[in-house]
Amino acid sequence: MRTELYALLALLLGMVCLTGLGDESVLSLYVLFALAAIVTVGVSLLMGQAGQVSLGQGAFYACGAYTAGVLTTQGAPGLVGLLAAPLAAAALAIVIGIPLLLLRGHHLAFATLAAHLIFLSVVGEMTITGGDVGLQGIPRLRVGGFAFDSVRSYAYLSSLALLAVVIIARNILVSRPGRGLRALSTSEIAAASSGIPVALYKLAVFALSAAFAGLAGGIYAFYMGYLAPGSFPVLLSIEYLVMAAIGGLGTIAGGLIGSAVVLLLVHALSRLATMSGMPQTAPVILSYAVYAILLVAAVLFLPGGISSVITPAWERIFRRTRPGRGT
Amino acid sequence: MNLGMNLIEVEELVVRYGSMTALDGVSLSVSKGEMVALVGANGAGKSTLLKALSGVVRRAGGRVRIQGLMAHVPEGRQVFSDLTVEDNLRLGAYRSRDRDTSWVYALLPELERTRRQRAGNLSGGQQQMVAIGRALMSRPDVLAIDEMSLGLAPLVVRQLARILTELNQTRGLAVLLVEQSALLAFSLCTRGYVLETGKIAASGTTGELAQSPLLKDAYLGSAGKAAS
Amino acid sequence: MSAFLSYVLHGIATGSSFALVASGLVIIYRVTRVVNLAQGTFAVFAAFMAATLLGAGLPHGAAEILAVLVAAILGLLAGVVAVGKRGTSPQASLIATLGFAIFCYALEILIWGDQPQSFPGLAGSFEYLELEFPKQYAVIVVVTLVVFALLEAFFEWTYVGKALTACASNPYAATLVGIGVVRMSLLGFMLGGALGGIAGVLIAPLSPMSYDSDLSLFVNGFASAILAGLKRPVFALAGGLVLGIVEALIAGYAKASYQSALALLLTLAILVVQAARRPALQGSEE
């Protein structure tokens, strides 16, 4: 397990270094990646460790974003908005989780999808959120004297958030509740009879993954400065699922790898498709097609995701340089 | 591929589930018109053997040869609960295409009474009869029955036993009777095998097997002890 | 009163399409234990196909039927992706159908572009009790009733229909009896494809479809299926009609933008209440 931790830290250190270099376009891609990774780690935990299928993480992302946006446009300081974002998302998760987690399997999947749609509908109607048109003019984040007003600053911020999320997730995975979680995903009945408070754990993971998504959403609100229901379509929830599945459900590394792979691929494809000579719809077609093929290939042929291939390889390398040590 | 009188011939069969070996070099045979018993405790590998015979699980080694048609009546009845008895029977003929059910009703008159009832609503004994009837519809040469007596009252089991014997004697149907209860199996069959953790521990006529000290304690329980 | 009636009639029309989508979902689910996230895609694809064929000069009726056949083939392909590989778990198959649906997005945009499409249905409208409603409503209702009657007949009276039900009821026993589970699964998917296709060609004249219309069709279809219990396809008809009428009433009397949200809320409420009444941990749900 230790080698995995070192691998993750190394990866993150690399990311932090990257944010020190890189030009605007690389950095903006990086911000997207970091935000997606934050959400995806949560999805990966939720689906892989606790065995719950969620097609509605985008709603928590949106909740965090709108919370931060509404609070700051109403005059609250930026930091308050940012911190309130994950809390609001977690609160929402608890409120809808209590009835929803009574459901299983595809009923739960449908319910989370429905929850996302209902959330979008509600947000689109409220005036405080700007309704269908959206919320404009979200003030730039200011903490202390420091103003986050460049892409680089958001790259640092999202890296920090990602690091925090990874550490929290890591600690949970190796803890006793974490093992209880894994027992949950294999058999609820067995878990319950071993004294694990099943309902409480399910709700806790649901709320935690929502909090992650909410945090990412909060940062997104400040980064974009503008929100609309259209920024959070159901397809967004599906994207997170795709990233988690491709990377490897249930692992933190999977969440990171999945988001990176999908985002890079989609970006590369749009660059390819916007070259002269290609029809206007080419980028969309290509990204959907590659998305789909990746997803199907991952789920049929590599159920552990890409991380199931990379992690053992990494461990082998590590063992070679430290002879005589066990894992 | 002439097996002579043998309908089923199993040689050194090996079956693995992942890293666990369920069957480790099992050999047995069933000839035309015979009633053969296969007894063993839970987990010995009896059901696995039948699944290997009907092709549901793959062999890791050894040979299985079946001459003619073998119908497998699975453990736990496994009727199609949402369909009627009549439909269950007719589906039994899926391979053979001869869907006439009248001869099965003649053999199992109790089924005729419940013809239009939903199979899932029947009693255990009736469901077992449906399962047997369904297997018969494919006009098999040998019937392999897994744990027929499980969960059924002795009276019902006796009735089913009578039916099996009648099928064997009047229609020459060979039977491979797989049971935890050696008492039942040995009383019906002429020859038998004992399966223990994936291996054949003993074989011979049921008379011989019933006398074996190995079996008396393990399988025949107090009745066996009293008889000795 | 007339407003109420017109809402109800509109609800019956849309509800019929929900019911058709739902019946496809139910059949596929019963036989394969997989929830087909691409169910709405069949409808959209068929609608686009029909529009193209009509534009190419094919007469009404022939174009729609051909489009439905294409949808059936699409269903077959979805089935191959979802259950073609041995050992795919239902959760994995669910995600695989999602992948298939996304791939169809790419295909649809490639062939037809990303703008909404429609085609004229039965022209003109009826007049009854001072109400005017499109003749297409009648087509929808008649075709839906016929389809459901055929479905019932298929499952109740034909051997293949019984074999499908057997597969759904007990796949192990079905294998023993010689019923090929994979083959039946693919048949189920083909049926699902056709049913989705029929829904698409019926509803397209009333509301233009674009490549992402499949989501709302799926959500409504799934909600209808759940309302009716994922058991017999025929119950899906009741579920779909109820949902369609409820949504139409909400759209008419409250705000149109609330219609799907409230209908979804209703469905969720029913689901949760059902689950709450059942004792917890009653073994696997499906």
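Protein chains in written order, with the numbering used here: chain D, 885 to 1211; chain Y, 2 to 229; chain X, 4 to 289.
Backbone N, C-alpha and C fix where the C-beta goes; we use that ideal spot for every residue, glycine too.
Since we're looking at a predicted model, the values are computed, not measured.
Reduced DSSP secondary structure (H/G/I, E/B, other) of residue i
i	result
H63/X	coil
Y194/Y	strand
K258/X	coil
Q120/X	strand
F944/D	helix
I1169/D	helix
P7/X	A quick correction: the sequence has Phe, not Pro, at residue 7/X. In the structure shown, F7/X sits in a helix (DSSP, three-state: H, G or I).
R1209/D	For R1209/D, the predicted structure reports a pLDDT of 42, less than 50, and the residue's modelled location is therefore unreliable. A value from the coordinates is still provided. Three-state result, R1209/D: coil.
I1012/D	coil
A228/Y	Low confidence applies here, because A228/Y scores a pLDDT of 45, under 50, leaving its location unreliable and the question unanswered by this model.
F1030/D	strand
E35/Y	coil
V1297/D	Lying before the first or after the last residue shown, residue 1297/D is absent from chain D, which here runs from 885 to 1211.
V65/Y	strand
G27/X	helix
M1159/D	coil
A57/Y	Checking the sequence shown, residue 57/Y turns out to be Val, not Ala. Reduced to three states, the DSSP call for V57/Y is coil.
G232/X	coil
L109/Y	coil
V1180/D	helix
V80/Y	coil
S19/X	helix
G898/D	helix
L1084/D	helix
Residue from the options with nearest C-alpha to residue i
i	options	result
V37/X	W115/X, E159/X and L233/X	L233/X
T206/Y	D88/Y, E197/Y, R159/Y and C190/Y	C190/Y
V37/Y	G77/Y, F187/Y and E148/Y	F187/Y
Q936/D	A1039/D, L1153/D and R988/D	R988/D
L23/X	G102/X, L153/X, R89/X and Y10/X	L153/X
A41/X	K138/X, R89/X, I253/X and L101/X	L101/X
Y261/X	G1139/D, I982/D and V1007/D	V1007/D
L196/Y	S28/Y, S55/Y, G19/Y and Y18/Y	S28/Y
S210/X	N39/X, Y10/X, V47/X and V34/X	V47/X
G1014/D	Q1164/D, L911/D and G953/D	G953/D
Y18/Y	G199/Y, G208/Y and A203/Y	G199/Y
A1214/D	F1032/D, A975/D, Y945/D and A1053/D	As shown, chain D starts at 885 and ends at 1211. That puts residue 1214/D outside it, with no answer to give.
V222/X	A943/D, L1001/D and M899/D	L1001/D
L185/Y	R172/Y, A154/Y and I201/Y	A154/Y
I1022/D	G1028/D, G965/D and A995/D	G965/D
Enclosing beta strand (DSSP E) for residue i [first to last residue]
i	result
I1052/D	Run containing I1052/D: none in the beta strand (DSSP E); it sits in the alpha helix (DSSP H), V1035 to V1058.
A145/Y	V143 to D147
A193/X	Per the sequence shown, residue 193/X should be read as Met rather than Ala. From DSSP, M193/X is part of no beta strand (DSSP E) but of the alpha helix (DSSP H) over V184 to I206.
A202/Y	K200 to T206
S1/Y	No answer is possible for residue 1/Y: it lies beyond the span of chain Y, which begins at 2 and ends at 229.
A72/Y	M71 to V74
R116/Y	No beta strand (DSSP E) contains R116/Y, which DSSP labels as neither H nor E.
Y18/Y	N7 to Y18
Where the alpha helix (DSSP H) through residue i begins and ends
i	result
L174/Y	Neither: L174/Y is in no alpha helix (DSSP H) and is coded neither H nor E.
R91/Y	V86 to G93
V38/X	No alpha helix (DSSP H) holds V38/X; DSSP gives it neither H nor E.
A135/Y	The residue asked about is misnamed: residue 135/Y is Arg in this sequence, not Ala. Residues G125 to L137.
Q94/X	P93 to W115
L1119/D	V1118 to G1131
V915/D	E908 to S928
| Any 3 or more C-beta pairs closer than 8 angstroms across the segment 1106 to 1124 of chain D and the segment 1017 to 1025 of chain D | yes
| task | Write down every uninterrupted run of the alpha helix (DSSP H) in the segment 130 to 174 of chain X whose length is 4 residues or greater and which is fully enclosed by it, in chain order. | result | 138 to 160 and 162 to 172
| task | Flag this pair as touching only if the segment 1170 to 1183 of chain D and the segment 1142 to 1158 of chain D have three or more C-beta atom pairs under 8 angstroms; answer yes or no. | result | yes
| said: Does the structure place the segment 1176 to 1189 of chain D close enough to the segment 91 to 107 of chain X that three or more beta carbon pairs sit under 8 angstroms? | reply: yes
| request: Report yes or no: do the segment 132 to 150 of chain Y and the segment 103 to 113 of chain Y share at least 3 C-beta pairs separated by less than 8 angstroms? | output: yes
| Is there contact between the segment 912 to 928 of chain D and the segment 1042 to 1059 of chain D, where contact requires at least three CB pairs shorter than 8 angstroms? | yes
| message | Going residue by residue through the segment 935 to 992 of chain D, where are the continuous alpha helix (DSSP H) segments of at least 4 residues, counting only ones entirely within it? | response | 941 to 957 and 962 to 984
| said: Below 8 angstroms, how does it come out for the segment 167 to 187 of chain X and the segment 88 to 101 of chain Y: are there three or more Cβ pairs, yes or no? | reply: yes
| Does the segment 10 to 22 of chain X come close enough to the segment 237 to 250 of chain X that 3 or more CB-CB pairs lie under 8 angstroms? | yes
| query | Given 8 angstroms as the limit, is there contact between the segment 212 to 219 of chain X and the segment 146 to 161 of chain X, that is, 3 or more CB pairs closer than that? | reply | no
| request: Could you tell me whether the segment 924 to 931 of chain D touches the segment 1091 to 1109 of chain D, using the rule of 3 or more Cβ pairs below 8 angstroms? | output: yes
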